[in-house]
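With the sequence shown counted from 1, adding 252 to any position gets you my numbering.
Each residue gets a CB set at the ideal place from its N, CA and C atoms; glycine is no exception.
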Amino acid sequence: MPMRLFNTLSGQVDELVPMDGKELRMYACGPTVYDYGHIGNFRTFLEIDVLRRFLKLSGMPIRHVMNITDVDDKIIRNAAAAGVPIGEYTPKYVNAFFEDLDALGVERPEIIARATEAIDRMVELIQKLAEVGAAYRTEDGSWYFRLKAFPEYGKLSKKDLSGMEDGARVDVDEYEKDSARDFALWKAAKPGETSWDTPIGRGRPGWHIECSAMSMKFLGDSFDLHAGGEDLMFPHHENEIAQSESVTHKPLAHHWMHVRFLLVDGRKMSKSEGNFYTLRDLLLKGYKASAIRLALISVPYRHQLNFTFDGLVDATAAIDRLRTFNSRLVKGTFADGENPEVQAAAKKAHEDYLAALGNDLNTAEARAPIFELVRLSNTAMDQGKFYQSDREAVASVLASFDAVFAVIEDHDTEPMRRAVEWAKQEGRLDDVAPELLAQQSLTDEAIDALLAERDQAKKRREFARADQIRKELTEKGIIIEDSKDGVRWKRK
Ligand code: AMP
Ligand code: ZN
């Protein structure tokens, strides 16, 4: 299945192919670990996960590198405020980030690169830039990239940089979006700040050089795909191109993917607006990790996703529908044979699903035929016209769906448990939905034991006790389903 993906650099949808004909080499800018990740960050990481899962499903081997920015202005500022060295400040957020990725079902990239472990590569690159006249040192011992040395500057973001001031400099990692200035490659050591003693002086890297050095370290001078959120296009990615290509004279990456920024309730997410959510905030409100995943990936990556709580409720209902159908499919008994209508629908749904993902990762169009197939299969089952071969055909479509969407198989219990545990440690129990707290205090074994007691009570015709147990469990968010094969339960 070919993968066609919009390429910011060419300005059109291009086929994504490995240059070496073997393995797709991709680099995605990772988190800056100065705080917990918010749902905007995870929207971007999830879309990249959807891409990598689809490539794998299509049989394409991949080598995916993600960096961890564990030294930058924000980290230095926050660590100083907390009164600890950055090496003591960041591990908590690195761990939290991976826990959050696990909760959301985001697969680990093949390689995870930490900025603080690649300082020597950054220094080497700056030295090479100095050799070709693209880097210069200032009096205080910092190093800057000379924009005038790279005439192609702006080719990714297509910005008109004609008003660019020669020699004007900027040393902060993030700067105004409309001006282009010589930017810091290396910042001279300041008292109290983390720094490294190196052949280019004592100091620390700028943010942009980190990604150039780490991507080339693991993927070579030129690789297939570079990805990140749309805010990174300029100046971060433009700067990466300038730093790398000034030395290699080869395209850093052939394909550039940018994920559109997420809005919340129609507005930019911000702490001061009160619409800022980390993944943990949502889990503590009682939303399942799978529902958050589905809500964040169901709008294609180039479209603006407007995150709302109604959207989360819809995602929760959609997952329930899929899981209920899946257990009907797995547990049901079906007669031998096949229903041609179901067979044809399964084949068509599968084709449409793959085609939509292959078409610039259109997740909205990809999920629609799957839900349609579920509807049609449910009807066929109700009418007794669903057979053994239909089960196989439909199960294989669902497996293909879940290889990318990853929401049918239920992994929701552990992230919920961990989030509540975390809230206890952080003194945030007030933020935990009461129903969730009650639910978490019940272990699976305790629920089984209560249900066994209820069963005994019914057999002894002590219906008041049986009802009381049901009520108690329901209040704690446990859904009990009595069926002829016995009793089943799930957490709400
Ligand atoms: P950061 O940790 O700030 O470096 O960001 C990590 C990733 O999240 C980057 O790829 C950003 O572009 C992306 N990102 C940040 N905010 C948002 C947002 N509101 N919507 C989508 N992606 C975002
Ligand atoms: Zn980067």
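Span of the alpha helix (DSSP H), counted from its first residue to its last, around residue i
{"i": "H460", "result": "459 to 471"}
{"i": "D354", "result": "338 to 355"}
{"i": "N330", "result": "325 to 334"}
{"i": "E733", "result": "Element bounds for E733: not the alpha helix (DSSP H) but the beta strand (DSSP E), 730 to 735."}
{"i": "K308", "result": "291 to 309"}
{"i": "A716", "result": "715 to 727"}
Closer than 8 Å: residue i CB and nearest the ligand ZN heavy atom
{"i": "N293", "result": "no"}
{"i": "G480", "result": "yes"}
{"i": "N611", "result": "no"}
{"i": "E462", "result": "yes"}
{"i": "N578", "result": "no"}
{"i": "E299", "result": "no"}
{"i": "H507", "result": "no"}
{"i": "H316", "result": "no"}
{"i": "N319", "result": "yes"}
{"i": "L484", "result": "yes"}
{"i": "E492", "result": "yes"}
{"i": "H489", "result": "yes"}
Proximal residues to residue i (C-beta, below 6 Å), its chain only, five neighbours per side dropped
{"i": "G393", "result": "A440, G453"}
{"i": "N513", "result": "Going by the sequence as given, residue 513 is Phe instead of Asn. If we look at F513 and ignore the five residues flanking it on each side, its Cβ neighbours are E482."}
{"i": "M318", "result": "A280, G282, P361, I364"}
{"i": "A685", "result": "K537, G538"}
{"i": "V265", "result": "R256, F258, D612"}
{"i": "R366", "result": "I320, D322"}
{"i": "R717", "result": "A709"}
{"i": "F402", "result": "A494, S498"}
{"i": "M253", "result": "S310, L606, G610"}
{"i": "A690", "result": "K728"}
Distance cut-off 8 Å: residue i Cβ against heavy atoms of the ligand AMP
{"i": "T665", "result": "no"}
{"i": "A280", "result": "yes"}
{"i": "V659", "result": "no"}
{"i": "G289", "result": "yes"}
{"i": "M521", "result": "yes"}
{"i": "L303", "result": "no"}
{"i": "T296", "result": "yes"}
{"i": "L581", "result": "no"}
{"i": "P283", "result": "yes"}
{"i": "K512", "result": "Per the sequence shown, the amino acid found at residue 512 is Arg instead of Lys. Answer for R512: yes, Cβ within range of the ligand AMP."}
Residues near residue i by beta carbon distance below 8 Å, same chain, minus five either side
{"i": "L546", "result": "A567, A570, I571, F657, V659"}
{"i": "D654", "result": "I660, E661"}
{"i": "R575", "result": "I660, D662"}
Beta strand (DSSP E) segment containing residue i, residue limits
{"i": "F475", "result": "475 to 481"}
{"i": "R366", "result": "363 to 366"}
{"i": "D266", "result": "264 to 267"}
{"i": "A440", "result": "434 to 440"}
{"i": "K742", "result": "738 to 743"}
{"i": "V565", "result": "Taken as a continuous stretch (DSSP letters only), V565 belongs to no beta strand (DSSP E), being part of the alpha helix (DSSP H) at 561 to 583."}
{"i": "R256", "result": "256 to 259"}
{"i": "I371", "result": "Run containing I371: none in the beta strand (DSSP E); it sits in the alpha helix (DSSP H), 371 to 383."}
{"i": "M278", "result": "276 to 280"}
{"i": "R315", "result": "314 to 320"}
{"i": "A387", "result": "387 to 389"}
{"i": "T450", "result": "448 to 450"}
{"i": "Y396", "result": "395 to 397"}
Close-in-space but distant-in-sequence residues of the same chain around residue i (CB under 7 Å, 5 per side omitted)
{"i": "D301", "result": "V358, E359"}
{"i": "W674", "result": "R532"}
{"i": "L681", "result": "A675"}
{"i": "E705", "result": "I721"}
{"i": "M468", "result": "S496"}
{"i": "K711", "result": "none"}
Any C-beta of chain C under 9 Å from that of residue i
{"i": "R373", "result": "The displayed structure is made up of one protein chain only, and chain C is not part of it."}
| said: Below 8 Å, how does it come out for the stretch 538 to 552 and the stretch 323 to 342: are there three or more Cβ pairs, yes or no? | reply: In the pairwise beta carbon analysis, the stretch 538 to 552 is classified as not touching the stretch 323 to 342: fewer than three pairs are separated by under 8 Å.
| Which ranges would you report for the beta strand (DSSP E) in the stretch 500 to 551 if only whole runs of at least 3 residues count? | 505 to 511
| If you scan the stretch 596 to 657 from start to end, which runs of the alpha helix (DSSP H) of 4 or more residues do you find wholly inside it? | 615 to 634, 640 to 656
| query | So, do the stretch 344 to 353 and the stretch 283 to 297 have three or more beta carbon pairs nearer to each other than 8 Å? | reply | yes
| request: Could you tell me whether the stretch 504 to 523 touches the stretch 477 to 493, using the rule of 3 or more Cβ pairs below 8 Å? | output: Yes, since at least three Cβ pairs between the stretch 504 to 523 and the stretch 477 to 493 fall closer than 8 Å, the two stretches touch.
| message | For the stretch 295 to 314 against the stretch 610 to 624, do three or more pairs of beta-carbon atoms, one drawn from each stretch, fall closer than 8 Å, so that the two count as touching? | response | yes
| field | Length-filtered (4 minimum) alpha helix (DSSP H) runs lying within the stretch 666 to 704 | value | 686 to 692
| query | Are the stretch 689 to 699 and the stretch 724 to 742 in contact at 8 Å, needing three or more beta carbon pairs? | reply | yes
| query | Touching or not, the stretch 580 to 591 and the stretch 641 to 651, by the rule of three or more beta carbon pairs under 8 Å? | reply | Flag = yes, the stretch 580 to 591 and the stretch 641 to 651 touch.
| query | If you pair each beta-carbon of the stretch 442 to 452 with each one of the stretch 369 to 379, do three or more pairs fall below 8 Å? | reply | Contact between the stretch 442 to 452 and the stretch 369 to 379 is present, because at least three Cβ pairs lie under 8 Å.
| said: Can you confirm whether the stretch 394 to 403 touches the stretch 513 to 531 when touching is taken to mean that 3 or more C-beta pairs between the two stretches lie within less than 8 Å? | reply: no
| query | If we count Cβ pairs, one from each stretch, closer than 8 Å, do we get three or more for the stretch 544 to 564 versus the stretch 291 to 299? | reply | yes
| said: Using 8 Å as the cut-off, can you tell me whether the stretch 487 to 503 makes contact with the stretch 455 to 466, which would need three or more C-beta pairs spanning the two stretches below that distance? | reply: yes
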